[in-house]
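A quick write-up on the structure given underneath.
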Amino acid sequence: MMVKRIRQFLQNIRYGYQEVDRKFITGYLNEQEIHLFEKLQKSEQIHAILVAKGVRQEMDSSEDRSFIKAVLLHDIGKIQRPLNIAEKSLAVIIDKLFQKSSPFEKRSFMKSYRLHGRRGEDLLRKNHVFTEEPVFYEVVGTHHENEDQIAERENGRLEFYHNLLKKHDERY
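Okay, so the sequence shown: first residue is 1 according to the UniProt record's numbering, each after it adds one.
This is the structure we're talking about:
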């Protein structure tokens, strides 16, 4: 697991030198959503696009444009308290070592790391992004929860989307 995190750290540095694929995001997001998306740090934008492209490859292209939109916006809660690369790396290490009982839990960077899913869900609800398909609010809000927690909800559609997002989120 730590090797994967080191690879993600190095990718995150490399993202700073890449261009954001504007054509891809305009294919899924409207103007209001693009405005939100552009508030993410550049590295988070590129991460979200790579995750969305990975998900799209695994799905039929006609399936669930709304899901791709949710994938693009899955980290939108990070705009409330962005993390620099050192904070993000430290948060990941603390999360793996201590789970939920860390002496750092009250620190703003840990709150941002732990709560960005729920904050993103709230932000998307406020902006009425998924009023037609509210399951995607929950997909964004729960994307860091483990599979067992999602399975307990007995919502097959949520579970499918959650697991697919989580798989690709951990890859990029």
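Every residue, glycine too, gets a C-beta built ideally from N, C-alpha and C.
Beta-carbon proximity check, residue i vs residue j, cutoff 7 Å
{"i": "HIS116", "j": "LYS78", "result": "yes"}
{"i": "LEU36", "j": "ILE76", "result": "yes"}
{"i": "residue 175", "j": "GLU138", "result": "Given a span of 1 to 172 for the chain in the structure shown, any question on residue 175 remains unanswerable."}
{"i": "PHE109", "j": "LEU83", "result": "yes"}
{"i": "ALA48", "j": "LEU72", "result": "yes"}
{"i": "ILE93", "j": "SER102", "result": "no"}
{"i": "SER112", "j": "ARG81", "result": "yes"}
Option in the options with minimal Cα separation from residue i
{"i": "LYS69", "options": "GLU58, GLN80, LEU83, LYS53", "result": "LYS53"}
{"i": "VAL135", "options": "PRO82, PHE98, LYS111, ASP64", "result": "ASP64"}
{"i": "THR132", "options": "LYS42, SER66, GLU147", "result": "Residue identity differs from the one stated: residue 132 is Glu in this sequence, not Thr. Comparing Cα-Cα distances from GLU132 to each of LYS42, SER66, GLU147, the minimum goes to SER66."}
{"i": "HIS74", "options": "LYS23, GLN149, PHE24, ASP122", "result": "ASP122"}
{"i": "ASP169", "options": "LYS126, HIS128, THR142, ARG22", "result": "THR142"}
{"i": "HIS144", "options": "LYS126, GLU154, GLU87, LYS96", "result": "LYS96"}
{"i": "GLN41", "options": "ILE85, LYS111, LYS126", "result": "ILE85"}
{"i": "VAL3", "options": "SER89, TYR161, LYS100", "result": "SER89"}
For residue j and residue i, believed in contact at Cβ under 8 Å, the rounded distance
{"i": "GLN45", "j": "VAL20", "result": "5 Å"}
Outcome for residue i when other beta-carbon atoms lying within 10 angstroms are tallied against a minimum of 16
{"i": "GLY27", "result": "exposed"}
{"i": "GLY156", "result": "exposed"}
{"i": "HIS128", "result": "exposed"}
{"i": "ALA91", "result": "buried"}
{"i": "LYS23", "result": "exposed"}
{"i": "ARG119", "result": "buried"}
{"i": "PHE130", "result": "buried"}
{"i": "GLU31", "result": "exposed"}
{"i": "VAL140", "result": "buried"}
{"i": "GLU33", "result": "buried"}
Inset, instruction - With a floor of 3 residues, list each beta strand (DSSP E) that falls wholly inside the segment 35-109, ordered by position along the chain. - result: Runs of the beta strand (DSSP E) lying entirely within the segment 35-109, each at least 3 residues long, are absent.
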